[in-house]
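K.L.:
Residue numbers (the working numbering), protein chains in the order written: chain A, 106 to 643; chain B, 6 to 399.
Glycine included, each C-beta is placed from N, C-alpha and C at the ideal position.
One structure, as structure tokens, below. Some questions next.
Below, the structure is given as structure tokens:
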């Protein structure tokens, strides 16, 4: 165990200074970062990796928007365009959003529950170090003859089997690696939360970020094997002559979609539940008021997770299902808006009659609430099956899921980063630059994604490299919004680098007046080993 | 002071760059909008009773969302403006209220039930294709649509009519750029038309917004959909499911005609089909010379083959094989005719035997054997193609 050095118990006392050399950090790059079993180091690795992937996937989005700036084919061939949309999606889902949440979990869960480290530190190391290999494999395929995956991140058969490029095997192996990494991460989170809570830290005292991650981890364990199954079926259909998805051999291409979305829909909640936890930490802090409806938040999260297994076919209304099935999936999907609504109401009620201040984490949290709710509304519209026939596979859907994933999940990750950067680095971020980052992101993200609703309603299908002339003006605006949003994220890079290099004010143990939780009772930066003796829970 | 000046300067710079961007957008917009119809900003009401119901559902749910949004965000922004620390607000300490929580669970539930009832009715009506007056089989393949009128001897392919030079910005784009086809689907007004939708290769999706019909075309399976058009006109749609490289280039155009006009059109097509078969027979005795073959062959090649094998015959490395200098296009003539006529199972190479006439097949095969320096000198005749066709048929 990495926590063997119990001889130097770090009590959570603000004037206990951490001196160089007293924190038992391993010496040397290899030992510190490659062999590390320290949850904070692994958390940092996850976060940095996910940011690198965010920029990579973002660069691909820029390429897509450059091609779509005007009608006609200017920069890309359609086949490469399809590779860009596919790899952009895969990288953002599996490389940016998910690892960022795992990074936050690694850093914050042990600290929040009073545990000295994650329960399975070596597995923790492994689950991170798989990822760079997985994504190298996937990115490599772009340089192969025939190109990388070009069948959409949803890789519907038979486009991904009979008609896919030779690199599909590498894509399959990359997805397998990502799945293994996620499952190990999830096991670690569950074991840690269940076993390593400090005495007195009962389940209903857990911070909501911990609760939402616990539920997310169960979702991951339930569905990642399903994803592994479906990619394996693609592999054997393509290379070993099976016919899971080929009618000629007794299979069914629509079965692919059922299996994929049985993974895919819970996956959507995997990417948003931890956000709910983050927002539920930030809003009370800057409202200086306890979270409204803690228990109902926990139950709402659990019921969203439960319902997420019953709604997968709402991605497939046009595939030709029986009416009874369409009705079932429509009703279940509409039901999800109830627990989600409860969460939004609770956040607003938390702010109500609070004593509000608007530091950057709070700004991102408020933007999250408004923009995620807009994404929720378009989700409710998409649930109505007869209307979904019109929205399905258009830019309306693109607008919907980018509202919940970019101004939802990504904004919550930004909020979390600003909220905990002082704790991680020991320095306050540059408030001026951070405000620039926020306002530029907020404006550009809406210029980027809001007009997409109109494109979809006017009839522009998604995943096309060229479009009819009537869509030209709006696409030009969308592209400019896209470039502005992409550039705005470089400000964030500067802010983070400044903090990491120790430029800026030193952060107090508790830099936020209204913050509560064990993480604020230890010095900033958090010592290398924390809670080596269990903290006292009030 | 200087701090203030600097930030003012920064703001001015920012405003200037925003203005520049806006100008750019305006210029681009203007140059495009010279030709384009203006884009509608809402869903179409369409031209069928069903599409009207769908539009009404869309507006209802949209307005409900707007009202809920207004209430929730109004409360939030009220708090943001009034309950702030710099206005001296003291935080209250309440953190639950069972009554309120029950109310805001129950009200959305009631709204959802109100929404589900009309949605259910419309959905059940949409999924009832019984008692159709006319049945049409719609078959998607990479990257075209095929229409077959049941009970009539009429069937044809429908391909994108926008040309490559427009796509590659060498020529001015026409008004209906990417939304125009060579042979549109023709339908009668006022009759219930049933569509049987399927695919020959990957999944496509047949979508005409004006009818509120979008149905996936699944290979090996048949989906049903239907429409009853109220007004004559031209209605345009696109493939809605990613189906490979040219997914963006397989539009749908429907011409809706009054019943009498439609029937006259259908009869004319049947006659044409008979005439074409007779011509096919006559063609067997005919022989093309090299010039005619190359001229016709190039046209056919650019329309049907160039999307994959490229106009240069070089293909796309690792995706679509090259014809230029390939073994099959320079040596094995029977194999070459065979693969064009019957396709290559398990790949994107389609069977063109039923898509093209004998003369077109002969010309395009001959073209491939002589273009791009293949120079085999072979002149292929319709009779040779027919012979290969029959061989395999037996």
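1. Between residue 297(A) and residue 214(A), how many whole angstroms is the CB-CB distance? I'm expecting something under 8 Å.
2. Taking only beta-carbon atoms, is residue 225(B) less than 8 Å away from chain A?
3. I need the straight-line Cα distance from residue 371(A) to residue 433(A), nearest angstrom please.
4. If you measure beta-carbon to beta-carbon, which residues of the region 187 to 198 of chain A are closer than 8 Å to chain B?
5. Excluding the 5 residues flanking residue 379(A) on each side, which residues of the same chain have their C-beta closer than 6 Å to its C-beta?
6. On the CB-based measure, 16 or more other CB atoms within 10 Å of its CB, does residue 180(B) come out buried or exposed?
7. Please determine, among 133(B), 198(B), 383(B) and 324(B), the residue with the shortest C-alpha to C-alpha distance to residue 269(A).
8. Please determine if the region 187 to 199 of chain A and the region 595 to 614 of chain A are in contact, where contact requires at least 3 C-beta pairs separated by less than 8 Å.
9. Let me see if you follow: with CB-CB separation under 8 Å, is residue 89(B) close to chain A or not?
10. If you draw a straight line from the C-alpha of residue 333(B) to the C-alpha of residue 590(A), how long is it?
11. Check whether the region 540 to 553 of chain A touches the region 492 to 501 of chain A, counting contact only when three or more Cβ pairs, one atom from each stretch, lie closer than 8 Å.
12. Give a yes or no on whether 8 Å exceeds the smallest Cβ distance from residue 475(A) to chain B.
13. Beta-carbon within less than 6 Å of residue 163(A)'s beta-carbon, same chain only, minus the 5 sequence neighbours each way: which residues are those?
14. Following the continuous beta strand (DSSP E) through residue 231(B), name the residue where it begins and the one where it ends.
15. Looking only at its chain, what residues have a beta carbon closer than 7 Å to the beta carbon of residue 565(A), apart from the 5 residues adjacent to it on each side?
16. Starting from the N-terminal side, write out each stretch of the alpha helix (DSSP H) that is 4 residues or longer and does not extend beyond the region 187 to 264 of chain A.
17. Would you call residue 603(A) buried or exposed, if buried means 16 or more other Cβ atoms sit within 10 Å of its Cβ?
18. Helix, strand or coil, according to DSSP, for residue 385(B) in the structure here?
19. Taking residue 250(A) as the query, report the chain B residues whose CB atoms sit under 7 Å from its CB, ordered along the chain.
20. Taking only the alpha-carbon atoms, compute the straight-line gap between residue 475(B) and residue 337(A) and give it to the nearest angstrom.
21. Ignoring anything shorter than 4 residues, give me the alpha helix (DSSP H) runs that lie fully in the region 273 to 316 of chain B, in order along the chain.
22. Could you list which residues in chain A have their beta carbon closer than 7 Å to that of residue 221(B), in chain order?
23. Find the nearest neighbour of residue 339(B) within the set 234(B), 92(B) and 371(B), judged by alpha-carbon distance.
24. Check whether the region 344 to 354 of chain A touches the region 303 to 311 of chain A, taking contact to mean three or more Cβ pairs, one atom from each stretch, closer than 8 Å.
25. Rounded to whole angstroms, what's the CA-CA distance from residue 38(B) to residue 295(A)? Just pull it up for me.
26. By the 10 Å Cβ neighbour count, where 16 or more other Cβ atoms means buried, how is residue 626(A) classified, buried or exposed?
27. Measuring only between beta-carbons, confirm whether residue 536(A) sits less than 8 Å from chain B.
28. Quick one: Cα of residue 147(B) to Cα of residue 254(B), how far?
29. Please confirm if residue 206(B) has its CB atom under 8 Å from at least one CB of chain A.
30. Output yes or no for whether 8 Å exceeds the beta carbon distance between residue 362(B) and residue 234(B).
31. Whose C-beta lies closer than 8 Å to the C-beta of residue 256(B) among residues of the same chain, with five residues either side of it excluded?
32. Can the beta-carbon of residue 358(A) be found less than 8 Å from the beta-carbon of residue 637(A)?
33. Apart from the five residues on each side of it in sequence, which residues of its chain come closer than 6 Å, Cβ to Cβ, to residue 260(B)?
34. Spatial neighbours of residue 151(B) within its chain, please: CB distance less than 6 Å, with the 5 preceding and 5 following residues excluded, ordered by chain position.
35. Based on Cα-Cα distance, which residue from 443(A), 228(A), 180(A) and 630(A) lies nearest to residue 404(B)?
36. If you follow the alpha helix (DSSP H) that residue 170(A) is in, where does it begin and where does it stop?
P.N.:
The structure says:
1. Sure, about 6 Å apart at Cβ, within 8 Å.
2. Put simply, the CB of residue 225(B) is near chain A, with a gap under 8 Å to one of its CB atoms.
3. Answer to the nearest angstrom: the Cα atoms are 17 Å apart.
4. Taking 8 Å as the Cβ-Cβ cut-off against chain B, the residues of the region 187 to 198 of chain A that qualify are 187.
5. 206, 317, 318 and 321.
6. Taking a 10 Å sphere around the C-beta of residue 180(B), we find fewer than 16 other C-beta atoms and assign the residue as exposed.
7. The shortest C-alpha separation from residue 269(A) is found at 324(B).
8. Between the region 187 to 199 of chain A and the region 595 to 614 of chain A there are fewer than three inter-stretch CB-CB distances shorter than 8 Å, so the stretches are not counted as touching.
9. At least one CB of chain A lies nearer than 8 Å to the CB of residue 89(B).
10. A direct Cα-Cα distance of roughly 50 Å separates residue 333(B) from residue 590(A).
11. No: the two stretches stay apart, fewer than three of their Cβ pairs being nearer than 8 Å.
12. Yes, residue 475(A) counts as interfacial toward chain B.
13. Here the set comprises 591.
14. Where residue 231(B) is concerned, the enclosing beta strand (DSSP E) stretches over 228 to 233.
15. Take residue 565(A), set aside five residues on each side of it, and the residues of its chain with a beta-carbon closer than 7 Å to its own are 499, 500, 572 and 576, in chain order.
16. The qualifying runs are 203 to 218 and 226 to 245.
17. Under the 10 Å beta carbon count, residue 603(A) is surrounded by 16 or more other beta carbons and is classified as buried.
18. The answer is coil: DSSP assigns residue 385(B) none of H, G, I, E or B.
19. Result: 322 and 323.
20. One cannot answer for residue 475(B) here, as it falls past the ends of chain B, which runs 6 to 399.
21. Within the region 273 to 316 of chain B, the runs of alpha helix (DSSP H) at least 4 residues long that lie entirely inside it are, in chain order, 295 to 309 and 311 to 314.
22. Neighbours of residue 221(B) across chain A, judged by C-beta separation under 7 Å: 423, 424 and 425.
23. Looking at 234(B), 92(B) and 371(B), the one whose alpha-carbon comes closest to that of residue 339(B) is 371(B).
24. The region 344 to 354 of chain A makes no contact with the region 303 to 311 of chain A, as fewer than three CB pairs between them are under 8 Å.
25. Annotation note: pLDDT 49 at residue 38(B) (below 50); position unreliable, no value reported.
26. Burial call: buried.
27. No, because no Cβ of chain B sits closer than 8 Å to the Cβ of residue 536(A).
28. One C-alpha to the other measures close to 10 Å.
29. With a threshold of 8 Å between beta carbons, residue 206(B) makes contact with chain A.
30. No; because the gap between Cβ atoms is not below 8 Å, this pair is not in contact.
31. Once the five neighbours on either side are set aside, the close Cβ partners of residue 256(B) are 165, 183, 184, 185, 186, 241, 242, 243 and 244.
32. No, these two residues do not count as a Cβ contact at 8 Å.
33. Hits under 6 Å: 189, 191 and 239.
34. The beta carbon of residue 151(B) sits closer than 6 Å to those of 144 and 162, all from its chain and outside the five residues before and after it, given in chain order.
35. In the structure displayed, chain B extends from 6 to 399; residue 404(B) sits before or after that span and is not available.
36. Boundaries of the alpha helix (DSSP H) harbouring residue 170(A): 144 to 172, taken from the DSSP string.
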